[in-house]
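For reference, the structure discussed in these notes is given below.
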Amino acid sequence: MSALWIGFFIFVAVLLFFDLFVLNKEDHVPRTREALGWTSMWVTIALAFSAVIYFAYENGWVVSELTGRNAVIKYITGYLVELSLSMDNVFVIAVIFNYFQVPPKYQHRVLFWGILGAVFFRLAMILAGVYLLQQFDWMFYAFGALLLYSAYKMLNQSEEVHPSENPVVKAVKRMFPVTNDYHGHDFFVKRQGITFVTPLFIALMMVETTDVIFAVDSIPAILAITTDSFLVFSSNILAILGLRSLYFVLSSMINKFELLKYSLALILVFVGVKMLLHEVWHPAEWVSLAVIFVLLTGGVLLSLLSPAPASAPDIEDPTKLTPEKEE
């Protein structure tokens, strides 16, 4: 493993430590303004990291034919793809938290540990995806078809979440008894020498499995931009690190983003077609970046300008304090 990879892992570990043990040492509910501030900070960190990307590829720190400029464009494009698809993930997480009635001040903790687990799951999926594409050219067509199917599924998906049908949740319930109520921010409690899991842990398992499912869409989408494993991993991880604060911004405005799914579906269609035509169509790096940026911003702006739907899912605003149920 190169020094760049090791340095990136250390960088991410420092960010996670600072987030959980300094910024969020005490359980609290981030207000919308605070969440906007942290979201801006995470985006700034991710964009600033493009300077590291530039110097790394320009000075040969990475074995690659990419120039520093092209590497930065691919990195930012991959970051935008993951960030945009994470918005759909946010809405599903909001449904999960609402289903389990997770106390708002503990939601950040679930998101933190969920994203920590996602780092390792995504690393394995990215390395596997890069290997398959490098070894088997037909995998480009398989991933392209998968992305087109994902776009179709996104336009026809249901907002319902059925935790009782989740195989991971079923497995956890077979292994551990589950408490009826929450016990602060604890995932496990002991009673008379027996270890119980709390509903907070069940919610965490749902968030973890949801992220893996969404990664099946987002990782092939980024692999359509580049098969450079470091660019894919760094852009992916820095995007999901901002997912926690992004959740507290977007989950309170879910009903205002009715048109966003069409924008996200078009992004999946674009990268899917790009994969299917990889042998005959080679758009410039800036073209992919421009298309994804226009689709994403267009979907957000049209959603905000259009009237709110008459009927919308009943999702609580986590930025508002609500009474919690604990033992």
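In my numbering, the protein residues as written are 109 to 435.
All C-beta atoms, glycine included, are put in the ideal place defined by N, C-alpha and C.
Heavy atom of the ligand FMN within 7 Å of residue i beta-carbon
{"i": "Ser148", "result": "Looking at this structure, you won't find the ligand FMN or any other ligand, since it has none at all."}
Cβ pair residue i, residue j closer than 8 Å
{"i": "Arg230", "j": "Ala329", "result": "no"}
{"i": "Val315", "j": "Val170", "result": "no"}
{"i": "Ile234", "j": "Val340", "result": "yes"}
{"i": "Leu346", "j": "Val408", "result": "no"}
{"i": "Ser148", "j": "Ile348", "result": "no"}
{"i": "Leu442", "j": "Gly380", "result": "Since the first residue of the chain shown is 109 and the last is 435, residue 442 is not available in this structure."}
{"i": "Val122", "j": "Tyr355", "result": "no"}
{"i": "Ile400", "j": "Thr185", "result": "yes"}
7 Å CB neighbourhood of residue i in its chain, flanking five on each side removed
{"i": "Trp221", "result": "Leu312"}
{"i": "Leu241", "result": "Met247, Phe248, Leu331, Thr335"}
{"i": "Tyr165", "result": "Ser172, Leu174, Thr175, Gly176, Ala179"}
{"i": "Asn274", "result": "Met314, Thr317"}
{"i": "Phe338", "result": "Leu112, Trp113, Val170"}
{"i": "Val276", "result": "Met313, Thr317"}
{"i": "Leu124", "result": "Leu224"}
Span separating the alpha-carbon of residue i from that of residue j
{"i": "Lys133", "j": "Ala259", "result": "39 Å"}
{"i": "Met247", "j": "Lys382", "result": "13 Å"}
{"i": "Glu190", "j": "Gly301", "result": "43 Å"}
{"i": "Leu403", "j": "Thr140", "result": "25 Å"}
{"i": "Glu366", "j": "Leu224", "result": "29 Å"}
{"i": "His386", "j": "Val395", "result": "15 Å"}
{"i": "Val160", "j": "Tyr290", "result": "43 Å"}
{"i": "Leu397", "j": "Gly252", "result": "18 Å"}
{"i": "Gln54", "j": "Pro415", "result": "With the chain running from 109 to 435 in the structure shown, residue 54 is simply not present."}
{"i": "Phe296", "j": "Thr306", "result": "6 Å"}
{"i": "Val388", "j": "Thr303", "result": "58 Å"}
{"i": "Leu384", "j": "Asp325", "result": "15 Å"}
{"i": "Leu374", "j": "Thr405", "result": "12 Å"}
{"i": "Ala156", "j": "Asn264", "result": "37 Å"}
{"i": "Ser359", "j": "Ile118", "result": "30 Å"}
{"i": "Asn206", "j": "Leu131", "result": "25 Å"}
{"i": "Lys278", "j": "Tyr257", "result": "28 Å"}
{"i": "Asn167", "j": "Asp245", "result": "30 Å"}
{"i": "Leu308", "j": "Leu128", "result": "17 Å"}
{"i": "Met361", "j": "Val120", "result": "29 Å"}
{"i": "Ser192", "j": "Val280", "result": "31 Å"}
{"i": "Tyr370", "j": "Ser158", "result": "29 Å"}
Closest residue to residue i among the options (Cα-Cα distance)
{"i": "Phe126", "options": "Ile114, Trp150, Arg141", "result": "Trp150"}
{"i": "Arg299", "options": "Phe309, Pro285, Ile310", "result": "Pro285"}
{"i": "Phe116", "options": "Asn288, Val227, Leu128, Asp289", "result": "Val227"}
{"i": "Ala250", "options": "Gly237, Met262, Lys278", "result": "Gly237"}
{"i": "Ala154", "options": "Tyr290, Asn344, Val320", "result": "Asn344"}
{"i": "Val377", "options": "Met262, Phe157, Lys278", "result": "Met262"}
{"i": "His390", "options": "Asn264, Ser337, Ile333", "result": "Ile333"}
{"i": "Leu413", "options": "Leu128, Lys364, Leu372, Tyr239", "result": "Lys364"}
{"i": "Gly145", "options": "Met361, Val357, Tyr370", "result": "Val357"}
Cutoff 8 Å; reference residue i; Cβ partners in own chain excluding five residues on either side
{"i": "Ser110", "result": "Trp169, Val170"}
{"i": "Glu434", "result": "Interpretation of Glu434 is limited by its pLDDT of 49, a score under 50 that renders its predicted location unreliable; no figure is taken from the coordinates."}
{"i": "Phe163", "result": "Trp169, Gly176"}
{"i": "Ile327", "result": "Arg230, Met233, Ile234, Gly237, Val340, Asn344"}
{"i": "Arg282", "result": "none"}
Other residues of its chain near residue i: CB distance less than 6 Å, five sequence neighbours each side excluded
{"i": "His293", "result": "Asp135, Tyr214, Arg217"}
{"i": "Thr287", "result": "Phe304, Thr306"}
{"i": "Asp319", "result": "Ala226"}
Cβ-Cβ separation, residue j to residue i (assumed contact under 8 Å), whole Å
{"i": "Ser353", "j": "Ala143", "result": "5 Å"}
{"i": "Ile310", "j": "Phe208", "result": "7 Å"}
{"i": "Asp196", "j": "Leu351", "result": "Not quite, the Cβ-Cβ distance comes to about 11 Å (not below 8 Å), so this is no contact."}
{"i": "Ile181", "j": "Glu393", "result": "4 Å"}
{"i": "Trp342", "j": "Tyr239", "result": "The amino acid at residue 342 is misidentified as Trp; the sequence shows Ser. That belief does not hold up - the Cβ atoms of Ser342 and Tyr239 are roughly 18 Å apart, past 8 Å."}
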